[in-house]
Amino acid sequence: MTSEPRQWGRAPEVDAEASVGELIAEAGAEFPDLPAVRDLGRGLSLTYAQLLGQVEAQADGLLARGLGAGDHVIVALPRSVEEIVAVLAVLSVGAVYVPVDASLPEPRLRSMLDPVRPKAVVADFAAARSIVRAAPAGCVPVQPAPMTHPPAAGPRRAWAHRGPGDIAYITFTSGSTGVPKAVRIPHRGVVRLVRGAVYARRGPGERMLRLAPLAFDASTLEIFCALATGATVEVFPDGPVSPGELAAFMREAEVSVAFLTAGLFRVVAAEAIEAFATVRQVFTGGDVVPPDAVRAVLSRHPGLTVVSAYGPTENTTFSTVHPMGSAAEVEAPVPIGRPIPGTSALVLDEAGEPVGPGEVGELYLGGSGLAADYLDAPEETGRAFVTPPGRRERFYRTGDLVHWDTTGRLHFDGRRDRQVKVRGYRIELAEIEGRLAGHDDVRDVAVVVTGADAGSRRLLAAVVADHEDGLVARLREALRAELPDYMVPALWVVTDRLPYTSNGKVDVAELERRATAGDRGRPPAPAAAGTTRHGDGGGRGEDRGPVFEDVIAGVWREVLGTADFGVQDPFFEIGGDSLLAGRVHTRLRAELPDHPLRIVDIFQYPTVRALAEHLRGVRR
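This is the structure in structure tokens:
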């Protein structure tokens, strides 16, 4: 092996020996009158001085309940200025913020919160009640501090001192055992992300889109890389994301920097490419980056840079980046790039030896971005965080297979296990299979991923059972009672045996064909009264019905890639998900311009018939 991989894998060092509080305090002192956070929909804008004043008001509520250094505090607020204030307030008293989606099923919440043992939850009444019910005894609710008018300006006291190795936040990843893993990220990791972001536009005058769920680690980029450097955070309204609505917001807010998951980037590039009109830099990742979408965006918007960003949660958000400034630079597949400052990368074979350019090995990551551990999981921590032969420092075993090219860039080649990415979320397929296998009517099961790229990737569950009557509905509801929505398969096949390829692997292509063609491997149940099937893929359908139903069904067929649904079949039970809902929203607004449609309407009226009846009642 040549010496190049050793040189390529070591990026410049970063001074990460500080705390998040120090970075925020420095920015507040340097830029007190610059805009820090804006919510255009509410007409709300806070300068850095006003933001820190609001943070202190929220911190007063935490201190009044005896919260302080090292305490775990759940933040379960919608995407908002208040959410950012709560995160900073938790850090300001020396506590650890733990982002949690309060709408998760109670068993899932309980499995997440048991090891965390939170002392408090900052949330509105309904969310706080869900968290307190699922958490161990001793978790108290704290209401978000109201925005003062005019906002208070400037803090009166210093933030609690925290060292670089103290924990800043805890976030969760899917676990193959069925129990989510709680990843503890130290202040050092966040500081390395901010100070090492030489590849990112930041500082006064930049406007960063705030879009990612707080529990998704891209939120650390959106919040801290902006607020530690004098940039402005532009908060997109909470709720489902429609490409058209996102594009309108980004143009109005004049967003200059954004992160979109690879799936959302692909959809926005296809449905609302004008979203990038004011953007100078967009990060995309969380899945395989679609090269055609990158080329389209760069061709339409000269001067924009698209950055392919890769990084597991266990190494604080980003580990490698690959910037692209023109369509001619875009390769297929898109590289995951080079290590960012403060990061070390090794590509090792099964014996733990470095591999040469072009040879595939497992990616190991080290440096100041590393997580501390998995909370209360010493065995899993020991397996994931290791010291490779000939090394003195810890590295995280990513499980990702990669190779170096001859110029020192990393390329993604797959996984060594069955972990997958869907809509930016890490998912252990074995966890879903384990839940389904426990059902009395299921004799065998396989959960696979379909779709060729990030924007079309969906989970498909194939179950072996003696009869189909109502089984899929029961299984779907059982999963929804225990797992997040993104872990509930969108496509289902019930069969008397699983199909296999000649090399003994489950035949994913055959399962996908059955699922999208309506061939479930056994005779389908007859359609219930009022659930006329729409179309055979070649026309407007056997029963044209009212015009609204016809238009909606046509859009669904195009987006879902199947005609196997009825007018009373819920969109999210026939293969739909939040990304596809965004595409439906954009298409229907174009087809029915005189009838205003919000993205939330697709969630509230999820069948063809219900949505048609809703649209009949609204006109511009």
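With UniProt numbering, the residue at position 347 of the sequence shown is 347, and numbering never jumps.
A virtual CB, placed ideally from N, CA and C, is assigned to each residue, including glycine.
**Asked** What distance in whole Å lies between the Cβ atoms of Val183 and Ala371, which are believed to be in contact at a cut-off of 8 Å?
**Response** Along the sequence shown, one-based indexing puts residue 371 at 371. Along the sequence shown, one-based indexing puts residue 183 at 183. About 5 Å separates the beta carbons of Ala371 and Val183, which is inside the 8 Å limit, making them a contact pair.
**Message:** Going by beta-carbon coordinates alone, are Asp137 and Gly61 separated by less than 8 Å?
**Reply:** Walking along the sequence shown from the start, residue 137 turns up at place 137. Walking along the sequence shown from the start, residue 61 turns up at place 61. The sequence given here has Ala at residue 137, not Asp. Cβ distance not < 8 Å, so Ala137 and Gly61 don't count as in contact.
**Prompt:** Straight-line CA distance for Ser256 to Pro204?
**Reply:** By 1-based counting over the sequence shown, the position of residue 256 is 256. By 1-based counting over the sequence shown, the position of residue 204 is 204. Taking the Cα positions, Ser256 is about 11 Å away from Pro204.
**Asked** Expressed to the nearest angstrom, what Euclidean distance is found between the alpha-carbon atoms of Asp496 and Phe548?
**Response** On the sequence shown, residue 496 is found 496 positions in, with the first residue counted as 1. On the sequence shown, residue 548 is found 548 positions in, with the first residue counted as 1. For Asp496 and Phe548, the distance between alpha carbons rounds to 38 Å.
**Item:** Which residues DSSP lists as bridging Thr278, in chain order
**Value:** Translated into positions along the sequence shown, residue 278 becomes position 278. Its beta-bridge partners do not exist; DSSP assigns none.
**Asked** Between Glu83, Ala95, Ser344, Glu56, which lies nearest to Asp101 when the distance is taken from Cα to Cα?
**Response** The count along the sequence shown starts at 1 and reaches residue 101 at position 101. The closest CA to that of Asp101, considering only Glu83, Ala95, Ser344, Glu56, is found on Glu83.
**Through-space distance from Val233 to Ala253, alpha-carbon basis** = As a first step, residue 253 must be located in the sequence shown, where it is residue number 253. As a first step, residue 233 must be located in the sequence shown, where it is residue number 233. Taking the straight line from one Cα to the other gives about 10 Å.
**Asked** Do Arg108 and Glu482 come within 8 Å of each other at the CB atom, strictly closer than that value?
**Response** By one-based count along the sequence shown, residue 482 stands at place 482. By one-based count along the sequence shown, residue 108 stands at place 108. Going by C-beta atoms, Glu482 is nearer than 8 Å to Arg108.
**Asked** With 16 other CB atoms within 10 Å as the buried threshold, where does Gln143 fall?
**Response** As a first step, residue 143 must be located in the sequence shown, where it is residue number 143. It counts as exposed.
**Asked** For Ala446, which residues of its own chain have a beta-carbon under 6 Å away from its beta-carbon, when the five flanking residues on both sides are left out?
**Response** Residue numbering aside, residue 446 sits at position 446 when the sequence shown is read from its first letter. Excluding its 5 nearest sequence neighbours in each direction, Ala446 has C-beta neighbours in its own chain below 6 Å: Ala462, Leu498, Val506, listed in chain order.
**Item:** Proximity to Pro593 [Cα-Cα], best of Gly244, Gly311, Trp492
**Value:** One-based indexing of the sequence shown puts residue 593 at position 593. Of Gly244, Gly311, Trp492, the residue nearest in Cα terms is Gly244.
**Item:** Of the listed residues Thr261, Lys119, Ala231, Ala123, nearest to Ala135 (C-alpha basis)
**Value:** As a first step, residue 135 must be located in the sequence shown, where it is residue number 135. Minimum Cα distance to Ala135 is reached at Lys119.
**Item:** Leu460 beta carbon less than 8 Å from that of Val488
**Value:** For the purposes of this step, residue 488 is identified with residue 488 of the sequence shown, where counting begins at 1. For the purposes of this step, residue 460 is identified with residue 460 of the sequence shown, where counting begins at 1. Cβ atoms of Val488 and Leu460: not closer than 8 Å.
**Asked** What separation, rounded to the nearest whole angstrom, lies between the Cα atoms of Val20 and Ser219?
**Response** As a working mapping, residue 20 is identified with position 20 in the sequence shown. As a working mapping, residue 219 is identified with position 219 in the sequence shown. Roughly 14 Å between the two C-alpha positions.
**Message:** Considering Cα atoms alone, identify which of Ser502, Thr171, Ala258 is closest to Pro312.
**Reply:** Residue mapping note: residue 312 aligns to position 312 of the sequence shown, counting from 1. Among Ser502, Thr171, Ala258, the Cα nearest to that of Pro312 belongs to Thr171.
**Request:** Find the nearest neighbour of Arg587 within the set Arg79, Val267, Ala18, Ala89, judged by alpha-carbon distance.
**Result:** Along the sequence shown, read from residue 1 onward, the residue named residue 587 stands at position 587. Considering only alpha carbons, the answer is Val267.
**Request:** Put Leu77 into one of helix, strand or coil per three-state DSSP.
**Result:** Taking the first residue of the sequence shown as 1, we reach residue 77 at position 77. Assigned with DSSP and collapsed to three states, Leu77 falls in coil, not helix or strand.
**Item:** For Asp39 and Arg117, the rounded distance between their alpha carbons
**Value:** Translated into positions along the sequence shown, residue 117 becomes position 117. Translated into positions along the sequence shown, residue 39 becomes position 39. A straight-line Cα-Cα distance of about 33 Å links Arg117 and Asp39.
**Prompt:** Going along the chain, which residues of its own chain have a beta-carbon closer than 8 Å to the beta-carbon of Gly539, five neighbours each way excluded?
**Reply:** Residue 539 sits at position 539 when you count from the first residue of the sequence shown. Below a pLDDT of 50, predicted positions are generally treated as unreliable, and Gly539, at 36, falls in that range; the measurement from the model is reported next regardless. Cβ contact annotation for Gly539 (same chain, cutoff 8 Å, sequence separation greater than five): none.
**Under the three-state DSSP convention, the category Met324 falls into** = In the sequence shown, residue 324 corresponds to position 324, counting from 1. In the structure shown, Met324 sits in a strand (DSSP, three-state: E or B).
**Thr148, DSSP secondary structure in three states** = Walking along the sequence shown from the start, residue 148 turns up at place 148. Here Thr148 sits in coil by DSSP.
**Request:** Identify which residue in Phe276, Asp466, Gly582, Gly263 has its Cα closest to the Cα of Arg251.
**Result:** As a working mapping, residue 251 is identified with position 251 in the sequence shown. Of the listed residues, the one whose Cα sits closest to Arg251 is Phe276.
**Neighbourhood of Leu375 by C-beta, 7 Å cutoff - its chain only, sequence neighbours within 5 removed** = For the purposes of this step, residue 375 is taken as residue 375 along the sequence shown, with counting starting at 1. Pro115, Val116, Ile170, Ala182, Arg184, listed in sequence order.
**For Phe249, the three-state DSSP class (helix, strand or coil)** = Within the sequence shown, residue 249 is the residue found at index 249, counting from 1. DSSP places Phe249 within a helical segment (H, G or I) once states are collapsed to three.
**Item:** Bridge-paired residues (DSSP) for Asp400
**Value:** Position 400 of the sequence shown holds residue 400. Paired residues: Arg415.
**Prompt:** Can you list, in chain order, the residues of its chain whose CB lies under 7 Å from that of Arg476, leaving out five sequence neighbours each side?
**Reply:** In the sequence shown, counting from the first residue as 1, residue 476 sits at position 476. Cβ neighbours of Arg476 beyond the five flanking positions: Val488, Glu573.
**Message:** Just to check my reading of the structure: Arg457 and Val402 have Cβ atoms closer than 8 Å, yes? What is that Cβ distance to the nearest angstrom?
**Reply:** Against the sequence shown, residue 457 aligns to sequence position 457. Against the sequence shown, residue 402 aligns to sequence position 402. So it is not a contact: roughly 20 Å between Cβ atoms.
**Item:** C-alpha distance - Gly41 paired with Gly367, whole-angstrom precision
**Value:** Position 41 of the sequence shown, counted from the first residue, corresponds to residue 41. Position 367 of the sequence shown, counted from the first residue, corresponds to residue 367. Distance from the CA atom of Gly41 to the CA atom of Gly367, rounded to whole angstroms, is 40 Å.
**Item:** Per-residue burial, Pro302 [other beta carbons within 10 Å of its own, 16 or more giving buried]
**Value:** Within the sequence shown, the letter at position 302 stands for residue 302. Exposed, since its Cβ has fewer than 16 Cβ neighbours within 10 Å.
**Message:** I need the straight-line Cα distance from residue 624 to Arg210, nearest angstrom please.
**Reply:** The structure shown does not extend to residue 624, since the chain is modelled only from 1 through 620, so no value can be given for it.
**Request:** List the residues that DSSP assigns as beta-bridge partners of Arg338.
**Result:** Residue 338 sits at position 338 when you count from the first residue of the sequence shown. DSSP lists Val321 as partners of Arg338.
**Message:** By the three-class DSSP mapping on this structure, what secondary structure does Leu588 have?
**Reply:** The count along the sequence shown starts at 1 and reaches residue 588 at position 588. For Leu588, the secondary structure class from DSSP, reduced to helix, strand or coil, is helix.
**Prompt:** For Glu393, which of helix, strand or coil comes out of DSSP?
**Reply:** Counting from 1 along the sequence shown, the entry for residue 393 is found at position 393. When DSSP states are grouped into helix, strand and coil, Glu393 belongs to the coil group.
**Prompt:** According to DSSP, which residues form a beta bridge with Phe259?
**Reply:** One-based indexing of the sequence shown puts residue 259 at position 259. DSSP links Phe259 through a beta bridge to Phe283.
**Prompt:** Going along the chain, which residues of its own chain have a beta-carbon closer than 6 Å to the beta-carbon of Phe318, five neighbours each way excluded?
**Reply:** As a working note, residue 318 is residue 318 in the sequence shown. Around Phe318: Ala309, Gly311, Ile340.
**Item:** Minimum C-alpha distance to Arg157 - residue among Ser502, Ala49, Ser174
**Value:** Residue mapping note: residue 157 aligns to position 157 of the sequence shown, counting from 1. Arg157 has its Cα closest to that of Ala49, out of Ser502, Ala49, Ser174.
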